[in-house]
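First residue of the sequence shown? That's 42 in the working numbering, and the numbers climb one at a time after it. Don't be surprised by glycine CBs; every beta carbon is placed ideally from N, CA and C. Computed from a predicted model, the values in this text were never measured in an experiment.
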Amino acid sequence: MEKLEKIKSQNRTAEAKLSIVIPVYQEGSHIRKSIEVIEGVLITNQIPYEFVLVDDGSRDNTWSELKNMAEHNENINALRLSRNFGKESALCAGLEFAQGDMILVMDSDLQHPPSLIPEMVKAWIEEGYDVVEGIKSARGRENVLYKLCAKVFYYIIYKTADINLGQASDYKLMDRKVLEAWKEMPERATFFRGMSAWLGFDRKQISFEVADRASGKTKWSILRLMRLAVNAITSYTSVPLHCITVLGILMFIGAIILGIQTLYMYFSHKAMNGFTTVILLQLIVGSSIMISLGMIGIYLTKIYKEVKSRPRYLVSNCIRGGEKK
Ligand code: UDP
Ligand code: MG
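The following block contains the structure:
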């Protein structure tokens, strides 16, 4: 009930505060500049704001930079996680900390153009949208393998969970009530893009071209991306498990047909030495059983991890804006 009151009393005016949540990992070389650029856009457009910068356990000078910025600027809050938990967890930390009426999530490398912020805020204030999401019109510079993997992954998600993530990005503005709804989701292993698609609400999409990285290089190795993909697919849908059942049914039908044929051959004394058939059947049945077990295993591990319900992240340090001023 209290929550409903909160939703109703919200005011979509130019005074509404924008929280900008940015996960930062090993970006010490350019983070200060990136934040200055974003801040410049906000100041020019007179948008009240606060930054929530989350250092995802970087080992370079990222934290000292964030600390310094937060100590001298009352609009910048800095959180430091106890180790590298990954972007998804860092995002969680930032989202849970954010206080604003609307919350914007973006990357720290200026690949999400800050010039779009005024348009997003306007869509929230004037057009009343609850979620304004950035859609990648071009994926920026990526290698062929990466592009192919991304394609396959999005196709699987689209076909199995009926959610089109193809051009989705983590560049998103959310209303406070959407964030509150998001916080209700209890899973430990989060996939922000997918979860926010699941939430629904009135959405507007704004397309943008992915800029080149400010500097440094991407933190996502192919292995990490694959982990993210498996996590995303399995947390979305149980279709892989149903595939096993369908496969079983198909093989059962095959078994009946082959069984009848075999028996017929046997009783009509025409049975040949079906060595090849036996070998093939062994191989097919064996491998499908192993793949199926593997798939069940993936879900099992997920359940195990969720049941353990460890915290999504641990904060080792937190500096609220302008503490030293
Ligand atoms: N990031 C993070 N933890 C990680 C990896 C990345 O917080 O373990 C942050 C990173 O600092 C950046 C954002 O996630 O703000 C996107 O990362 P990156 O630019 O490396 O990914 P890409 O843009 O290539 O998808
Ligand atoms: Mg990037």
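**OP:** Could you check the C-alpha separation between Y340 and I88 for me, to the nearest Å?
**Re:** If you number the sequence shown from 1, residue 340 lands on position 299. If you number the sequence shown from 1, residue 88 lands on position 47. Distance between Y340 and I88, taken at the CA atoms: about 44 Å.
Subject >> Distance, A131 Cα to I84 Cα >> reply: Along the sequence shown, one-based indexing puts residue 84 at 43. Along the sequence shown, one-based indexing puts residue 131 at 90. Their backbone Cα atoms lie some 26 Å apart in a straight line.
Subject >> Segment limits, alpha helix (DSSP H) that includes Y307 >> reply: What you label residue 307 is simply residue 266 of the sequence shown in a count that begins at 1. Y307: member of the alpha helix (DSSP H) spanning 280–308, first to last residue.
Subject >> Residue ranges of each alpha helix (DSSP H) within the segment 122–187, 4 or longer >> reply: Those alpha helix (DSSP H) runs which fall completely within the segment 122–187 and span 4+ residues are 128–138, 158–166.
**OP:** Assign R124 to buried or exposed, taking buried as 16 or more other Cβ atoms, counted over all protein chains shown, within 10 Å of its Cβ.
**Re:** Within the sequence shown, residue 124 is the residue found at index 83, counting from 1. Burial state of R124 is exposed, judged by a 10 Å Cβ sphere holding fewer than 16 other Cβ atoms.
**OP:** Taking S70 as part of the beta strand (DSSP E), name the residues at either end of that continuous run.
**Re:** Walking along the sequence shown from the start, residue 70 turns up at place 29. Counting along the chain, S70 sits inside no beta strand (DSSP E), nor does DSSP assign it H or E at all.
Original post:
Looking at R254 and the ligand MG, is the gap between the Cβ and the nearest heavy atom below 7 Å?
Top reply: Position 213 of the sequence shown, counted from the start, is the residue given in the question as residue 254. Answer for R254: yes, Cβ within range of the ligand MG.
**OP:** Work out the CA separation of F138 and F233 for me, nearest whole Å.
**Re:** Here residue 233 refers to the residue found at position 192 of the sequence shown. Here residue 138 refers to the residue found at position 97 of the sequence shown. Approximately 16 Å, taken between the alpha carbons.
**OP:** Using DSSP bridges, identify the partner residues of A230.
**Re:** Counting from 1 along the sequence shown, the entry for residue 230 is found at position 189. The partner list for A230 (beta bridge, DSSP) is empty, contrary to what the question assumes.
**OP:** Examine the ligand MG and report whether any of its heavy atoms sits within less than 7 Å of the Cβ of Q208.
**Re:** Residue numbering aside, residue 208 sits at position 167 when the sequence shown is read from its first letter. No; taking the cut-off as 7 Å, the Cβ of Q208 has no heavy atom of the ligand MG nearer than that.
Original post:
To the nearest whole angstrom, what separates the beta carbons of S149 and E68, a pair I think is in contact under 8 Å?
Top reply: As a working mapping, residue 149 is identified with position 108 in the sequence shown. As a working mapping, residue 68 is identified with position 27 in the sequence shown. A Cβ-Cβ distance of about 5 Å is found for the pair S149 and E68, placing them in contact under the 8 Å criterion.
**OP:** Would you decide whether M226 is buried or exposed? Buried here means 16 or more other CB atoms lie within 10 Å of its CB.
**Re:** As a position in the sequence shown, residue 226 is number 185, starting the count at 1. Taking all protein chains shown into account, M226 has fewer than 16 neighbouring C-beta atoms within 10 Å of its C-beta and is therefore exposed.
**OP:** Taking 8 Å as the cut-off, decide whether the C-beta atoms of A273 and M143 are in contact.
**Re:** Residue mapping note: residue 273 aligns to position 232 of the sequence shown, counting from 1. Residue mapping note: residue 143 aligns to position 102 of the sequence shown, counting from 1. Not closer than 8 Å, so no.
Original post:
Taking C-alpha atoms, which residue in C133, A164, L322, G362 lies nearest to R353?
Top reply: Counting from one through the sequence shown, the residue named residue 353 turns up at place 312. Among C133, A164, L322, G362, the Cα nearest to that of R353 is on C133.
Original post:
Under the three-state reduction of DSSP, which class applies to N118: helix, strand or coil?
Top reply: Residue 118 sits at position 77 when you count from the first residue of the sequence shown. Of the three classes helix, strand and coil, the one that applies to N118 here is strand, per DSSP.
**OP:** Using the DSSP secondary-structure output, state which residues sit across from V348 in a beta bridge.
**Re:** Counted from its first residue, the sequence shown places residue 348 at position 307. As computed with DSSP, V348 is found in no beta bridge at all.
**OP:** Give me whichever residues DSSP pairs with N358 in a beta bridge.
**Re:** Within the sequence shown, the letter at position 317 stands for residue 358. As DSSP reads the structure, N358 sits in a beta bridge with R121.
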